[in-house]
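Numbered according to the working numbering, the sequence shown spans residues 231 to 817. Contents: one structure, followed by commentary.
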Amino acid sequence: MLIYRSAGRVLDARDAMASIGERLRAAEGWSHEDWVGMLLDAGELECALTDAECAAADRETTLTRALRRLSIAVASGMVRSWREDRPPPDDLARILEAWSAARVLVPQARLQARVPEGFAYYGLYPETYISAAEQLAREAPARVTVLGIRSIGTTLSAVVAAMLAACGIAVDAVTVRPRGHPFDRELALAPALRQRLRAAAAAPAHWFAIVDEGPGLSGSSFASVAEVLRASGAPDRRIVLFPSWAPDPAVLRSTRGQDSWRRHPRLAGDFDALWVRDSRLAAPFGVAIGADLSGGAWRGCVCRERPQPAVQPQHERRKFLCGRAGAPHQFLLKFEGLGRLGRPRLARARALADAGFAPRPVGFANGFLATEWLEGVPLDARDASPAFVQHVARYISWLHRHARATADVSPDALLDMMRCNVREGLGDALAGCVEAVAPIAAVVARVPAVAVDGRMLPHEWLRTHTGFVKTDGLSHHDDHFLPGAQDAAWDLAGAAIELSLSPEAERRLVGGYAAATGDHAVAGRLPFWRVAYLAFRLGYTTTAAAALGSATDASRMAQLAAGYRARLARELRVPVAGATAPEPAPR
Numbered sequence: 231m232l233i234y235r236s237a238g239r240v241l242d243a244r245d246a247m248a249s250i251g252e253r254l255r256a257a258e259g260w261s262h263e264d265w266v267g268m269l270l271d272a273g274e275l276e277c278a279l280t281d282a283e284c285a286a287a288d289r290e291t292t293l294t295r296a297l298r299r300l301s302i303a304v305a306s307g308m309v310r311s312w313r314e315d316r317p318p319p320d321d322l323a324r325i326l327e328a329w330s331a332a333r334v335l336v337p338q339a340r341l342q343a344r345v346p347e348g349f350a351y352y353g354l355y356p357e358t359y360i361s362a363a364e365q366l367a368r369e370a371p372a373r374v375t376v377l378g379i380r381s382i383g384t385t386l387s388a389v390v391a392a393m394l395a396a397c398g399i400a401v402d403a404v405t406v407r408p409r410g411h412p413f414d415r416e417l418a419l420a421p422a423l424r425q426r427l428r429a430a431a432a433a434p435a436h437w438f439a440i441v442d443e444g445p446g447l448s449g450s451s452f453a454s455v456a457e458v459l460r461a462s463g464a465p466d467r468r469i470v471l472f473p474s475w476a477p478d479p480a481v482l483r484s485t486r487g488q489d490s491w492r493r494h495p496r497l498a499g500d501f502d503a504l505w506v507r508d509s510r511l512a513a514p515f516g517v518a519i520g521a522d523l524s525g526g527a528w529r530g531c532v533c534r535e536r537p538q539p540a541v542q543p544q545h546e547r548r549k550f551l552c553g554r555a556g557a558p559h560q561f562l563l564k565f566e567g568l569g570r571l572g573r574p575r576l577a578r579a580r581a582l583a584d585a586g587f588a589p590r591p592v593g594f595a596n597g598f599l600a601t602e603w604l605e606g607v608p609l610d611a612r613d614a615s616p617a618f619v620q621h622v623a624r625y626i627s628w629l630h631r632h633a634r635a636t637a638d639v640s641p642d643a644l645l646d647m648m649r650c651n652v653r654e655g656l657g658d659a660l661a662g663c664v665e666a667v668a669p670i671a672a673v674v675a676r677v678p679a680v681a682v683d684g685r686m687l688p689h690e691w692l693r694t695h696t697g698f699v700k701t702d703g704l705s706h707h708d709d710h711f712l713p714g715a716q717d718a719a720w721d722l723a724g725a726a727i728e729l730s731l732s733p734e735a736e737r738r739l740v741g742g743y744a745a746a747t748g749d750h751a752v753a754g755r756l757p758f759w760r761v762a763y764l765a766f767r768l769g770y771t772t773t774a775a776a777a778l779g780s781a782t783d784a785s786r787m788a789q790l791a792a793g794y795r796a797r798l799a800r801e802l803r804v805p806v807a808g809a810t811a812p813e814p815a816p817r
């Protein structure tokens, strides 16, 4: 099943490096959050340039060494800001020296930079790797080779290297990118780098730190690096894994991953200990953290009188219910992304609140957005009254007018997803029926792209004493799941399906949207979007049910998948009328 999309941005290498230098020259008064933002940008540029430099095999060059030195220098500033409030001026001078040395080597190139998923979506904080590195430093190794697994391991390994160096340990550092099937990764190393690792493995008291987020489903990326080190002669106990979490080895779907996870020490920091229990997270907002609502725990607060909806806890963002002395309202702190990855959510939250669709935000700091907590009852399909359908039409119309995306609509990836998921979920007999809606893709490609809500499930709407409120409409257009920014018709199709609207109610929804936007051709595009939405949700719920095993939410996801499968089969058997292009709309 296909459910993910490729998310990233294009970087001009020299412009990005110049921007880093310009910001570093003004770094003396930076907050810790500023240092984290710089760390992420330096790591992103290093990763993109190193990938270009090491297309065939991982190797060290003058450029990769200079980039590695710069990232570690920036990480040292971040480490000092975390431990000692802010780096002293001599630290800044060393960081600028490293930047100057790297700048002259950067080629004129436009590069594809990948979104670091942990920093953007999953609440992965580089500070947790500071505490993990402190644990390794207590073992008093004479020298450590730090191997960061690109992509995000580029940034995280710079933090580990900087912290070990701050503890007086000699550090070598390099990044590598495991290649091949996600469940069977392998390293491709140039001979000189392989020989360097062999020499290090033969040295007494020389340790190795393998750094990345994860492990994912298989653990094979960590395993691929550990296996090369073992083959080079490094003892098992001196190969230390630095993951973002430490699962039971039995849950990994690769025997190689399981073997490495059992064989080698693992060090992982504790987000709650660093950010929650010492009040660092709550301090910028002047609140006290109460209940942890992450991993679906929010259902206990808002679904007291309604059945609990299905969630995939691993895809849930961190969130906390908070209070403020003397304030009549509670507040929700929700992770939206570190640095530039999350800060734009504040502007969208304000705009949606001003338009009367969402809770009012009160601030953004350290990757978390604070919004007012609104008491209300989550809806279900039985609550799709004419007044609510009219409200949904106004909401999608507002997004169409005010949330235009810079990228064009791209239906090709969605067509691939539709063909794959229908084949996997319904069999070859119906897979060919996708071609009946495929011609509409040419029309869809000419429609303005919208930063859609992307999640029109009924429980994400609350009925409050002031009206209907959408609770989670900030970032699904920009996460790593399909569809991304798309035709606003994605939300129309999603609302009609999730609210189980009758044909008459769906006509009111679509008609209200068309009247407000002038997009009167939308009805002709909806057959494409209904199939796309159902195929995606079938893929998502099927994948989630398999991943959750025996958990209660697995059966909930499986039940949803059965419903999407049946509706998708019906949709594919209905003849599709021709679609016409909408009137051109301003960008």
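Glycine included, each C-beta is placed from N, C-alpha and C at the ideal position.
Exercise for the section: Consult DSSP for residue 743 and reduce its assignment to one of helix, strand or coil. Expected result: helix
Practice task
Spell out a yes or no on whether the stretch 616-628 and the stretch 762-774 are touching, meaning 3 or more CB-CB pairs, one atom from each, closer than 8 angstroms.
Solution key: no
Practice task
Go through its chain and collect everything with a Cβ distance to residue 483's Cβ below 6 angstroms, but skip five positions before and after it.
Solution key: 447, 448
Problem - Classification of residue 616 by the beta-carbon crowding that lies within 10 angstroms, buried from 16 upward - result: exposed
Handout entry: Burial state of residue 696 (16 or more Cβ within 10 Å)
Key = exposed
Problem - Outcome for residue 342 when other beta-carbon atoms lying within 10 angstroms are tallied against a minimum of 16 - result: exposed
Practice task
Look at the Cβ atom of residue 345, then the Cβ atom of residue 237, and state whether they are nearer than 7 angstroms.
Solution key: yes
Handout entry: Under 7 angstroms between C-beta atoms of residue 704 and residue 575
Key = yes
Practice task
With 7 angstroms as the threshold, decide whether the Cβ of residue 511 is near any Cβ in chain D.
Solution key: Judged by its chain identifiers, the structure shown contains no chain D, having just a single protein chain.
Problem - Simplified DSSP state of residue 237, which is helix, strand or coil - result: coil
Practice task
Can you give me the start and stop residues for the alpha helix (DSSP H) that residue 425 sits inside?
Solution key: 421-432
Problem - Secondary structure of residue 782, DSSP reduced to three states - result: helix
Problem - residue 726 versus residue 787 - alpha carbon distance - result: 20 angstroms
Practice task
With a 10 Å radius around its C-beta and 16 neighbouring C-beta atoms as the bar for buried, classify residue 435 as buried or exposed.
Solution key: exposed
Handout entry: Which of helix, strand or coil DSSP assigns to residue 528
Key = coil
Practice task
State the Cα-Cα distance for the pair residue 586 and residue 721, rounded to the nearest angstrom.
Solution key: 18 angstroms
Exercise for the section: Kindly indicate which three-state DSSP category residue 260 falls into: helix, strand or coil? Expected result: coil
Exercise for the section: With DSSP collapsed to three states, give me the class of residue 591. Expected result: strand
Handout entry: Cβ pair residue 374, residue 401 closer than 7 angstroms
Key = yes
Handout entry: Beta-carbon proximity list for residue 815, same chain, < 6 angstroms, skipping 5 on both sides
Key = Residue placement at residue 815 is poorly supported in this model, since its pLDDT is 39, which falls under 50; the coordinates are not used for a value here.
Exercise for the section: If I'm right that residue 531 touches residue 521 with Cβ under 8 angstroms, what's the distance once you round it to whole angstroms? Expected result: 7 angstroms
Practice task
Could you tell me whether the stretch 252-259 touches the stretch 376-394, using the rule of 3 or more Cβ pairs below 8 angstroms?
Solution key: no
Handout entry: Which of helix, strand or coil DSSP assigns to residue 692
Key = strand
Exercise for the section: Decide if residue 689 is buried, meaning its Cβ has at least 16 other Cβ atoms within 10 Å, or exposed. Expected result: buried
Exercise for the section: Determine which residues share a DSSP beta bridge with residue 601 and list them. Expected result: 562, 591
Problem - Length of the line joining the Cα atoms of residue 347 and residue 663 - result: 34 angstroms
Practice task
Take the Cβ of residue 274 as the centre, count every other Cβ of all protein chains shown within 10 Å, and call the residue buried at 16 or more, exposed below.
Solution key: buried
Problem - Own chain, CB closer than 7 angstroms to residue 639, minus 5 neighbours either side, in chain order - result: 674, 675, 677, 679, 716, 717
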